[in-house]
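Below: the structure, in structure tokens.
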Amino acid sequence: MPRIPLIEADSDLNPAQERVVQGILGRRGGRIPGPYRLSLHCPELTEIWHPLGEMLRLKSNYPLRLSEFAILITARAWDCDYVFNAHVPHALEGGLEQSVVDALVRGDRPIFSKADEETLYDYCTQLFTNHAIGENTYARALETFGTARLVELTALIGYYGMVAMTLLAHEMPLQKDAQYHLSKR
Numbered sequence: 005m006p007r008i009p010l011i012e013a014d015s016d017l018n019p020a021q022e023r024v025v026q027g028i029l030g031r032r033g034g035r036i037p038g039p040y041r042l043s044l045h046c047p048e049l050t051e052i053w054h055p056l057g058e059m060l061r062l063k064s065n066y067p068l069r070l071s072e073f074a075i076l077i078t079a080r081a082w083d084c085d086y087v088f089n090a091h092v093p094h095a096l097e098g099g100l101e102q103s104v105v106d107a108l109v110r111g112d113r114p115i116f117s118k119a120d121e122e123t124l125y126d127y128c129t130q131l132f133t134n135h136a137i138g139e140n141t142y143a144r145a146l147e148t149f150g151t152a153r154l155v156e157l158t159a160l161i162g163y164y165g166m167v168a169m170t171l172l173a174h175e176m177p178l179q180k181d182a183q184y185h186l187s188k189r
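The sequence shown runs 5 to 189 under this note's numbering.
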């Protein structure tokens with residue numbers, strides 16, 4: 005049970021919420037994604053938050069395999085089952101191996117067959133774990149992804165950290181078809 009009411013498209017909305025919901029529905033095929041069902045209690049925030057999320061996720065300079073992997077790493081860092089379950093299908097569709105997903109679920113370091121995935125994993129996990137990135141890892145990430153894409157990666161995981169915190173703080177119910185339950189550390 006969520007701690008605050010979930011806003012639906014057919015909820016009794018104030019004018020600001022209605023304006024923001026119409027913008028979301030117009031771009032999202034008639035549904036309000038989970039995090040916005042909470043953040044719409046503050047429509048001004050959602051009005052800024054939604055386009056940022058679209059840019060980082062849907063207009064990324066990363067292939068789907070890597071952008072979704074970064075989102076899964078973030079979900080794992082926050083033990084956020086909702087984000088993890090929402091993004092596993094996209095990651096697998098993009099070419100991330102199931103064994104990598106399974107290792108994340110267990111809280112283990114995956115065995116990588118692709119160097120760019122290992123670089124991305126090391127960059128993200130060091131930042132989440134140490135609140136810093138080692139010089140060698142940073143240099144490898146910079147060489148692999150370039151400056152602009154590295155800035156984008158950092159923004160992507162920061163954005164999904166905010167999403168995870170919102171879902172966890174307000175206790176968003178897990179999707180009915182959720183398959184993954186992250187072990188809490």
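A virtual CB, placed ideally from N, CA and C, is assigned to each residue, including glycine. These figures come from a predicted structure and were not determined experimentally.
Asked	Found
Distance between beta carbons of Leu-124 and Leu-70, contact taken as under 8 angstroms	6 angstroms
Assumed close pair Asp-83, Lys-188 - CB separation to whole angstroms, cut-off 8 angstroms	5 angstroms
Close-in-space but distant-in-sequence residues of the same chain around Ala-13 (CB under 8 angstroms, 5 per side omitted)	Val-25, Leu-29, Gly-34, Arg-35 and Ile-36
Alpha-carbon to alpha-carbon, Ala-79 and His-174	16 angstroms
Beta-carbon proximity check, Leu-131 vs Leu-60, cutoff 7 angstroms	no
Straight-line gap, Glu-101 to Phe-149 (C-alpha atoms, nearest Å)	20 angstroms
CB of Asp-85 within 7 angstroms of CB of Leu-178, strictly	yes
Start and end residues, alpha helix (DSSP H) containing Tyr-184	Segment: none, Tyr-184 is in no alpha helix (DSSP H) and carries neither H nor E.
Contact belief for Ile-11 with Leu-44 at Cβ below 8 angstroms, rounded distance in angstroms	4 angstroms
Best match in Ala-20, Leu-157 and Tyr-127 for proximity to Ala-143 [C-alpha to C-alpha]	Tyr-127
Proximity below 7 angstroms, CB of Tyr-184 to CB of Phe-88	yes
Beta-carbon proximity list for Leu-68, same chain, < 8 angstroms, skipping 5 on both sides	His-94, Ala-95, Glu-97, Gly-98 and Gly-99
Pick from Met-176, Cys-46, Arg-7 and Glu-156 that is closest to Asn-18, judged by C-alpha positions	Cys-46
Whole alpha helix (DSSP H) elements within the stretch 65 to 129, 4-residue minimum	68 to 81, 85 to 97 and 102 to 110
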